[in-house]
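Participant: This is the structure, below, for whatever I ask next.
Residue numbers (the numbering used here): 17 to 336.
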């Protein structure tokens, strides 16, 4: 029989993960530091509880904006975004924990990166207690989700291969089939459908995951969370000092517009947070500090900007 969910263990890991990621990014930054914003759901919010710890680094030499947020929230009834594909969960009390981050670098040669790992737990019926991990819950519903993906502005094959190799190695201990499955899921999820365009070069994405039982599913989530810094930090170190000019900066801001479009229109975590009465300031920290939309822009044929579209924004097996 699988071990029951242990919310305390999940929370402890996630808080430690936030600490370690912020420390690694500060070390790469070399100067600017994260500020910490502790918050709780307002008492006036009916049926909602919990809070979180949001950390933001702004106007750094390497990272123009970096946000790493931990949240642990609960409610008495799930929002529409969580029950659209699971109508059996409608009306159930729920609890969700996670760490989510988005890093917007200053140098256009350094890609934007996103990662999150999360745990969701619902009670079997309205009114059941789910706040205590030791409580007796009949037929609880729980799952893990998360992953990480990379959004370059100027593509480097060396970086793409490293990113995907680290992703593959992170989940390999749990079965050879998981990396191609999670990579395909990521490729299909991070797509701007209204533009028929991938957001970046992908990575890993999984959701509603419980098939290995609690202990091994939790271990899988930890492996993904722990792999983010080894996947991203070497890329930042290689690219952060490359020279760039106004042309590269304008293209970076233009491509950031695509990032904002995806987060506001399609991102499941953003929709869940806003529809569940979440804290908008923390949810929308993923948006870039500066962005532009250029009407009818088409990259010059043969340019590095065109190469991004032609080579890097096409789903492919980077490890072939």
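Think of the CB as a built atom: it goes at the ideal place given N, C-alpha and C, for glycine as much as any other residue.
Taking the beta strand (DSSP E) that residue 51 falls in, what are its first and last residues?
Facilitator: Locating residue 51 in the chain shown gives position 35, counting from the first residue. Where residue 51 is concerned, the enclosing beta strand (DSSP E) stretches over 51-56.
Participant: Less than 8 Å between the CB atoms is what I'm expecting for residue 323 and residue 273, so what's the real figure, rounded?
Facilitator: Indexing the chain shown from 1 puts residue 323 at position 307. Indexing the chain shown from 1 puts residue 273 at position 257. Contact doesn't hold; Cβ gap of about 19 Å is too wide.
Participant: Apply the 10 Å Cβ neighbour rule to residue 112 and answer buried if 16 or more other Cβ atoms are within range, or exposed otherwise.
Facilitator: What you label residue 112 is simply residue 96 of the chain shown in a count that begins at 1. By the 10 Å Cβ count, residue 112 comes out buried.
Participant: DSSP three-state call for residue 224: helix, strand or coil?
Facilitator: Residue mapping note: residue 224 aligns to position 208 of the chain shown, counting from 1. Of the three classes helix, strand and coil, the one that applies to residue 224 here is strand, per DSSP.
Participant: Would you give the residue range spanned by the alpha helix (DSSP H) that residue 84 belongs to?
Facilitator: As a position in the chain shown, residue 84 is number 68, starting the count at 1. It is not in any alpha helix (DSSP H) - residue 84 instead sits in the beta strand (DSSP E) that spans 79-91.
Participant: With 16 as the cutoff for other CB atoms within 10 Å, does residue 34 come out buried or exposed?
Facilitator: For the purposes of this step, residue 34 is taken as the residue at position 18 of the chain shown. Answer is buried; the Cβ neighbour count reaches 16.
Participant: Where are the alpha helix (DSSP H) runs, 4 residues long or more, that stay fully inside the region 213-273, in chain order?
Facilitator: If only complete runs of 4 or more residues are kept, the region 213-273 shows the alpha helix (DSSP H) at 229-255, in order along the chain.
Participant: Specify the secondary structure class of residue 328 as computed by DSSP and reduced to three states.
Facilitator: Numbered from its first residue, the chain shown carries residue 328 at position 312. In this structure, residue 328 counts as helix in the three-state DSSP scheme.
Participant: Quick one: grab the DSSP three-state call for residue 279.
Facilitator: Stepping through the chain shown from its first residue, residue 279 is reached at position 263. Correct three-state label for residue 279: helix.
Participant: Could you check where the alpha helix (DSSP H) with residue 121 kicks off and where it finishes?
Facilitator: For this step, residue 121 is matched to residue 105 along the chain shown. Premise fails: residue 121 lies in the beta strand (DSSP E), 110-121, not in any alpha helix (DSSP H).
Participant: For residue 317 and residue 196, I'd like the C-alpha separation in whole angstroms.
Facilitator: Sequence index remark: in the chain shown, residue 317 carries index 301 (1-based). Sequence index remark: in the chain shown, residue 196 carries index 180 (1-based). Between residue 317 and residue 196, the C-alpha separation is close to 32 Å.
Participant: If we count the other Cβ atoms within 10 Å of its Cβ and call it buried at 16 or more, is residue 313 buried or exposed?
Facilitator: Counting from 1 along the chain shown, the entry for residue 313 is found at position 297. Per the 10 Å Cβ criterion, exposed.
Participant: Below 8 Å on the Cβ atoms is my guess for residue 78 versus residue 44; work out the distance and round it to an integer in Å.
Facilitator: By 1-based counting over the chain shown, the position of residue 78 is 62. By 1-based counting over the chain shown, the position of residue 44 is 28. That pair is a contact at about 6 Å.
Participant: Within the continuous beta strand (DSSP E) that includes residue 66, where are the two ends?
Facilitator: On the chain shown, residue 66 is found 50 positions in, with the first residue counted as 1. Unbroken beta strand (DSSP E) run through residue 66: 64-74.
Participant: Strictly under 8 Å for the Cβ-Cβ distance: is residue 163 near chain C by that measure?
Facilitator: Checking the listed chains, one finds no chain C in this structure; it contains a single protein chain.
Participant: Determine the burial state of residue 268: buried for a count of at least 16 other Cβ atoms within 10 Å of its Cβ, exposed for fewer.
Facilitator: Position 252 of the chain shown holds residue 268. It counts as buried.
Participant: With DSSP run on the structure shown, which of helix, strand or coil describes residue 319?
Facilitator: Your numbering for residue 319 matches position 303 in the chain shown. Coil, per DSSP.
Participant: Taking 8 Å as the threshold (C-beta atoms), are residue 68 and residue 298 in contact?
Facilitator: As a first step, residue 298 is located in the chain shown; it is residue number 282 there, counting from the start. As a first step, residue 68 is located in the chain shown; it is residue number 52 there, counting from the start. Yes, they are a contact pair.
Participant: What three-state label does DSSP hand residue 165 in the structure shown?
Facilitator: Indexing the chain shown from 1 puts residue 165 at position 149. Note: residue 165 maps to strand in three-state DSSP.
Participant: How big is the Cα-Cα spacing for residue 239 and residue 187?
Facilitator: By 1-based counting over the chain shown, the position of residue 239 is 223. By 1-based counting over the chain shown, the position of residue 187 is 171. The straight-line gap from Cα to Cα measures roughly 7 Å.
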